[in-house]
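These notes are about the structure you will find just below.
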Amino acid sequence: MGRSQETFGKKDNEKKRAKKKTEKEERKAERQANAKSGAALEEMFAYVDEDGNITSTPPDPTKKRVIKDEDIRISVAKQEDREPEDTVRTGSVTFFNDSKGYGFIKDSVTQESIFVHANGLAGGPISEGDKVSFEVEMGAKGPNAVRVKKASATPPAAA
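Mapped onto the numbering used here, the consecutive letters of the sequence shown carry residue numbers 688 to 846.
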């Protein structure tokens, strides 16, 4: 007669599967025994305290504050709420390549290096070391200087 198709390894694996199945059934029975059958409605409530934290205790009515609907801001502040920025800046040209038509201006206030292209020049050609006035616009890769003019030797008189 031939040998049995089951080998020792197959029998061992079968025993492991049966053991896992019984352990799983025991855990299920234990969970069902320890489970609360329907918690009270009050136990399921969650409250938000005055600091915005979630808690299981109801809030203290003496600490209640009334907030007007107008005081709640959900979006970005309106343009009129911001103070107007000085759009014209001054700085000096740190690098400019005439053949390629681009360079960099160092802002005199923020010490930020701002890209300038020949298309953004308004007052003629510029070169390294020139004092310039310019405006900043956001480009695809960051801030760009536009309407760049050489700064006059004497500042204009205030009106």
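A virtual CB, placed ideally from N, CA and C, is assigned to each residue, including glycine.
- Query: In terms of alpha-carbon separation, which member of K836, V763, K787 lies closest to R776?
  - Reply: When each option's Cα is compared against that of R776, the closest is K836.
- Item | Status (buried if at least 16 other CB within 10 Å, exposed otherwise) for V803 | Its Cβ being crowded by 16 or more others within 10 Å, V803 is buried.
- Message: Only counting the same chain, and skipping five residues up and downstream in sequence, which positions put a Cβ closer than 8 Å to that of N784?
- Response: When the five nearest sequence neighbours on each side are left out, the beta carbons in the same chain lying within less than 8 Å of the beta carbon of N784 are those of G790, in order along the chain.
- Query: Taking the DSSP output, what are the residues bridged to E822?
  - Reply: BP columns for E822 point to V833.
- Message: DSSP has G778 in a bridge; who is on the other side?
- Response: Per DSSP, D794, V819.
- Message: Within a Cβ cutoff of 8 Å, which residues of the same chain sit near T742, ignoring the five residues on either side of it in sequence?
- Response: These residues qualify, in order along the chain: A733, Y734, V735, D736.
- Message: Between V823, G810, N806, S786, which has its C-alpha nearest K793's C-alpha?
- Response: In terms of Cα proximity to K793, the closest of V823, G810, N806, S786 is V823.
- Message: With a threshold of 8 Å between beta-carbons, can D785 be considered close to chain C, or not?
- Response: Among the chains in the structure shown there is no chain C, since it carries only a single protein chain.
- Where G739 falls: helix, strand or coil (DSSP): Coil, per DSSP.
- For E808, collect the residues of the same chain with a Cβ closer than 6 Å to its Cβ; drop the 5 residues on either side in sequence, then sort them by chain order. Note that residue 808 is Leu in the sequence shown here, rather than Glu. Residues V835 of the same chain have their beta carbon placed closer than 6 Å to that of L808, with the five preceding and five following residues left out of the count.
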